[in-house]
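In our numbering, the protein residues as written are -5 to 66. Every residue gets a Cβ at the ideal spot worked out from N, C-alpha and C, and that includes glycine.
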Amino acid sequence: MEHTDLIDKRLTDLEIKSGFTEDLLDHLNQLVVRQQQQIDLLINEVIQLRQQASDASAGGFRSLRDELPPHY
-5 MEHTDLIDKR LTDLEIKSGF TEDLLDHLNQ LVVRQQQQID LLINEVIQLR
45 QQASDASAGG FRSLRDELPP HY
């Protein structure tokens, strides 16, 4: 095999690897964006749940029946 053929093959192999690497990077970037969106949604849910818990505890009278476990 000639030297130029070997260089051409190596260059082609590198271009193929580069293409796969770019596809992988794009996929991972999309995954990170989706995960960040999920994290943002979960943070908002936690904030809402904390607000609801705060509102419920500040609500005043609570019956002891509210404190009983469901099997009673």
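Take the alpha-carbon of L0 and the one of D7: they are about 11 Å apart. In this structure, DSSP gives A47 a helical state, which the three-state scheme calls helix. One Cα belongs to Q24, the other to G13, and the distance between them is close to 17 Å. Here L62 carries a coil assignment [DSSP, helix/strand/coil].
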